[in-house]
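Q: Line by line, the protein sequences are chains D and E. So in the working numbering, spot 277 of the first sequence is number 277, and the numbers just go up one at a time. So in the working numbering, spot 130 of the second sequence is number 502, and the numbers just go up one at a time. Here it is, the structure, as structure tokens.
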Amino acid sequence: MPKITLEHVTKRFDKFVAVEDLNMVIEDREFITLLGPSGCGKTTTLRMIAGLETPTEGRITIGDEVVFDSEKGINISPAKRDIGFLFQNYALWPHMTVYQNIAFGLENLKWSKEDIRKRVDEMLAMLKIEQFEKRYPSELSGGQQQRVAIARTLAPKPKVLFMDEPLSNLDAKLRLEMRTELKRLHADTDSTFVYVTHDQLEAMTLAIRICLMKTGVLQQYDPPLTVYSDPANLFVADFVGNPTMNFIPATAEKTGEKSYSIKALGAEMSFSSSEPVGELSSGGENNAVLGIRPEFIKLGGGKLGAGVYATLPAGMETTVKLSMGDDIITSVEFGSVDYPLNHQVKFDIIGDDIILFDKESEIKLAKGSVAL
Amino acid sequence: MEKKSTKNTGNALRSYFSKPANVITVVFLVLLILAVVLPLCTLLIGSFKVNGNQEAIYIGNGAADGDFTFHHWTELLTSKDFNYAEIKFWTPLRQSAAMALLACVVAVGFGGVVAWFITRSDLPGKKFISTVFVFPYIMPSWSMAMFWENFFKNTAINAGEGILQSWTGICVPESMVYGLVPCAMSLGLHYAPFAYILIGGILRNMDANLEEAATVLKASRFKILYKITLPIVMPALISTVLLVFSSSISSFTVPFFLNKSSINSGNNFISISVQMRSLINTGFTKGQGYVVAIVLMVFSIGILTLNNWVTGSRKSFTTVTGKSGQVSLVKLGKAKKPIAIIMTVIVAFFAIMPLFSFAMESVLEVPGDWSTFTLRYWISSEPFEGSNKGDTIGILRSSIMWKAMGRSLLLSALVSLIAGTFGILIGYAVASKRNSKAATLVSNLAFLPYLIPSMSFGAVYLALSYTKGFTWLDGSFFLLLLVGSIKFMPFASRTGTNAMMQLSGEIEEAAIIMHAPWWKRMTKILFPIQKSSFISGYLLPFISCMREMSLFVLLVISYQTLVTTVLSEYSRTGLSQASNAINLLIIVVVLVVQFIVNKLTGASIDKGVGGN
């Protein structure tokens, strides 16, 4: 039921534009992450949906109810939006015990004493913090505080749950654990989750759809794997994925409805796609960028050759940096491999997920495969 | 189109006022403009017009009540008849400035040294020293002046035997008892704890790593102090100097108690604030009094603007967080014990001796002579000769004293309630609307009364109560309440703002989402978290109001209104035993209240001042 719609939402602080003309629909029971570098407007967007920040223009609907409309002057207070909000630093009230923190929202909803007791116990059990009931927040570790904050947010059974980088204060191991639990929680609670993060891995692993933003402007709004394999522009391609995509300067010329001829890495290649491809904004040298994910640089055979610049084994996979003229190319091999420095290797560019970007507009022109 | 835009404005307004912080901002903006800006304008106008018929006669040249005139300014600042401007304005101003400068040196020197020892060395007995050292600041500002007189006066200058003379037989010259130096010393000692709190606060919060880094780089102790510590506390030091200077130059009570001079010495020290009172109190020169008030105000505002400019540009220095754990204390070694003993003696002398001296003075008929011991001035029910009904010699039997004490307590309690609550609300509005122009304006307006010397502030409201439409204020309890609440609001609004700023906005937002209405958020979440700071915000106005005299002295109809005005009347008429007794009583009341509040809530006076 609670589908969230944002129409032409803009937020300006004096002259600074934090969010510009944002349009998006969050489906019921979806898990959305708002992703982007710091200062891109993702937190502002979240706070506007929650009602903690007032948009300058636009319209926001939650379920059937318009909660904000600058034209009609509607601005429903956050308390009446039936939402939960998980803050980055938890915002637990230091003068209340764990029990009191969780019960506070229920008291405000005028629940009976027994119901509150029952619900709090349920939450304590669900998040495995029963033994801390009578403690104060300062007597808990970061991870435990995080659980209390989640319990407090979930207790009133909000239909929509907003989270503002809730895991960024935890250590790496705990963060991984909490990610699993949040995903589980999403399945168990039947709520819509909107999650803000600057960590692309977190966004990839958690979300059903990622909303990637840059300086207040929406860049791409798609499922994680689409964002990964079919990025809308250079920024998205660069932001998502680790190690990052290889961006190779290229000179391209359109040769057919679905093909280009490309000069890159000192070789001539042909690029072909299954879809009609875009027009280059200019001709001449270096008018395009070839984007190749590291896993599509296949070592051990092929027509291209390079020297090994460095080998970075991580156990499960190995990152190999290749030096080719002025360019450094990244390749990822499964398993442990080792090459001596400056060893000459042959490689090939494989797969159908090679992207060609326009150099000037930075927009994706086509996705396809290259043949030498 | 037209219709749509008005509708939009209406909606915008409605949504603006749906936020409590906005409502508070607007309400206080209006309130503070009425209570601070309006009276200031009245004062300014008063200095440019003829105030009353007496003044019209004094000015002559056919001037009539209410006429516009430059006379007050030209006469007071430039008149050469009988050297009028020099005697009435320039000399007192110069003398006051000299007094204030000297007071700064004393306050910063004494307070700074103590602050360093307490925060940066392994001095034993720190707790006792730091507790007792704040006493002189809690006492009324004239206490130190009274103590000074009690201690140093002697028969050689026809002032009765003081403590020093009765113990040692030494008679100090008159310039050591009355005049510039004693005034400056009293003020300096009174403000030394203030310097201690400000400088100590910085020293305590200073990141120890900064000094340790220098130690590792082989800098000597002295070099660290000189090159690292001092520059870091410099803004606090300058701040203290400027604040003490601006408070001292306009101080009324201390010069009021210590400007008596004997006939033969030619020692005529008159401070600018005492001059102002005498100008205002005669019906002929009210306008000139207002001129002095404005000059003092411009002085203070100028100094404090300078202060903000100095600290503002170096603010990053002062907000060093104390995150790096242990502070490495300077080992005093062999000097430890002697220094501790000397410090304890000095601090105790200025904190406890005054109390002792007031007690002693109040029970001796002839000062210093224990054979004349009497409790008459405490408990006798004999009436004073030719005095009002109900005025007895023993202050504990005097219905005038008790009524005045009751009114003072009531006034202080109400002032603390109003100022403290307003302070919290302003703090809330400022903190939740950071960087908003309106909120900044409210915060500045609420701080403005701090910049206005008490006497001038009294004069401002006096001028207002003579203005048509406001005469109902004249001499009323409500006027005292209004003046007190506004004057002491800066303390409360500072503490309130600091406390609110420490809370992240998310603390309140978490409660908003939990459906907690505004009053519940305030009472259940925000107040309990910062309880001790907020209660300090209530305590400070109470203490300040209880011991305040300069502010109210122009505004009360008779000396019987407040306990401090009773005190000043007794002192003026030479009833030194009774005035000492009352002073002791006031100090005891203030200390007891402060002690009880501290024990009950953990709030304390230095918490509030420390955040300044």
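Here a beta-carbon is modelled for each residue, glycine too, at the ideal position from N, C-alpha and C.
1. Does DSSP put D:Asp188 in a helix, in a strand, or in coil?
2. Can you tell me whether E:Leu602 is buried or exposed, with buried defined as 16 or more other CB within 10 angstroms of its CB?
3. Starting from E:Ser876, find everything on chain D with Cβ-Cβ shorter than 8 Å and list it in chain order.
4. For D:Ala18, return the contacting residues in chain A, with the cut-off set at a CB-CB distance below 7 Å.
5. Nearest by alpha-carbon distance to D:Lys72: which of D:Arg147, D:Glu57 and D:Thr153 is it?
6. By how many angstroms is the C-alpha of E:Gln932 removed from the C-alpha of E:Ser940?
7. Would you kindly report the start and end of the unbroken beta strand (DSSP E) that includes D:Pro249?
8. Going along chain E, which residues have a C-beta under 8 Å from D:Ile32?
9. What residue does the beta strand (DSSP E) around D:Cys211 start on, and which one ends it?
10. Is the shortest distance between the beta-carbon of D:Ile116 and the beta-carbons of chain E less than 8 Å?
11. Of all the residues that make up the region 872-899 of chain E, which are near chain D by a beta-carbon distance shorter than 9 Å?
12. Could you tell me how far apart the beta carbons of D:Lys258 and D:Val277 are, in whole angstroms, since I believe they sit closer than 8 Å?
13. Could you work out which residues of chain D lie near E:Asn394, taking near to mean beta carbons separated by less than 9 Å?
14. Going by the beta-carbon positions, is the gap between E:Phe641 and E:Gly551 smaller than 8 Å?
15. Report the three-state DSSP secondary structure of D:Arg152 (helix, strand or coil).
16. For the alpha helix (DSSP H) that contains D:Gly41, what are its first and last residues?
17. Got a sec: is the Cβ-Cβ distance from D:Leu46 to anything in chain E below 8 Å?
18. Which residues in chain D sit within 7 Å of E:Arg386, going by Cβ to Cβ distance?
19. Would D:His95 count as contacting chain E if we go by Cβ distances under 8 Å?
20. Could you tell me the alpha carbon to alpha carbon distance between E:Met471 and E:Leu614, rounded to whole angstroms?
21. Just the chain E side, please: which residues come within less than 9 Å of D:Asn409 by C-beta, in chain order?
22. Given that a residue counts as buried once 16 or more other Cβ atoms are within 10 Å of its Cβ, and exposed if not, what is E:Ser837?
23. At a Cβ threshold of 8 Å, is E:Phe389 touching chain D?
24. Can we say the region 798-806 of chain E touches the region 860-873 of chain E, given the rule of at least three CB pairs closer than 8 Å?
25. For D:Val196, name the three-state secondary structure that DSSP assigns.
26. Grouping DSSP H, G and I as helix and E and B as strand, with all else coil, what is E:Met872?
27. Closer than 7 Å by beta-carbon distance: list the chain D residues that pair up with E:Asn383, in chain order.
28. Where E:Met732 and E:Ile724 are concerned, what is the direct C-alpha to C-alpha distance, given to the nearest angstrom?
29. Return the Cβ separation of D:Pro2 and D:Gly63 in integer angstroms, given the expectation that the two are a contact with Cβ distance under 8 Å.
30. Can you round the beta-carbon distance between E:Gly484 and E:Phe566 to whole angstroms, since I take them to be within the 8 Å contact cut?
31. Can you find a C-beta in chain D that's less than 8 Å from the C-beta of E:Ile907?
32. Keeping to the same chain, check which residues put their C-beta closer than 6 Å to that of D:Gly41; ignore five residues upstream and five downstream.
33. Express the C-alpha separation of E:Phe899 and E:Thr973 in angstroms, rounding to a whole number.
34. Return the bridge partner residues of D:Asn233 from the DSSP annotation.
35. Just how far apart, CA to CA, sit D:Glu122 and D:Arg152?
36. Which stretch, first to last residue, makes up the alpha helix (DSSP H) that contains D:Tyr221?
A: Checking against the coordinates, here is how it stands:
1. helix
2. exposed
3. Asn89 and Ala91
4. Checking the listed chains, one finds no chain A in this structure; the protein chains it contains are D and E.
5. The option with the nearest alpha carbon to D:Lys72 is D:Glu57.
6. Each residue's Cα considered, the two are about 10 Å apart.
7. Asn246 to Gly256
8. Per Cβ cutoff of 8 Å: no residues; D:Ile32 is ~19 Å from chain E at best.
9. That run of the beta strand (DSSP E) goes Arg209 to Lys214.
10. no
11. Ser876, Gly877, Glu878, Ile879, Glu880, Glu881, Ala882, Ala883, Ile884, Ile885, Met886, His887, Ala888, Pro889, Lys892, Lys896 and Ile897
12. The Cβ separation is near 6 Å, so the contact holds.
13. Those do not exist, as E:Asn394 stays about 11 Å from chain D at its closest Cβ, beyond 9 Å.
14. yes
15. helix
16. That residue, D:Gly41, is in no alpha helix (DSSP H); it is neither H nor E in DSSP.
17. no
18. Gly73
19. Chain E, which has a Cβ nearer than 8 Å to the Cβ of D:His95, makes this yes.
20. 14 Å
21. Lying outside 1 to 372, the shown extent of chain D, residue 409 of chain D is not represented and no answer is given.
22. Buried, because 16 or more other Cβ atoms sit within 10 Å of the Cβ of E:Ser837.
23. Residue-level contact by beta carbon fails for E:Phe389 and chain D, as no gap is shorter than 8 Å.
24. Taking a contact to require three or more Cβ pairs closer than 8 Å, the region 798-806 of chain E and the region 860-873 of chain E qualify as touching.
25. Three-state DSSP puts D:Val196 in a strand.
26. helix
27. Gly73
28. 12 Å
29. 4 Å
30. That belief does not hold up - the Cβ atoms of E:Gly484 and E:Phe566 are roughly 11 Å apart, past 8 Å.
31. Chain D contact via Cβ: absent.
32. Ala18, Val19, Met213 and Gly216
33. 13 Å
34. Beta-bridge annotation (DSSP): D:Asn233 is paired with D:Ile363.
35. 11 Å
36. D:Tyr221 -> not in any alpha helix (DSSP H); beta strand (DSSP E) instead, spanning Val217 to Asp222.
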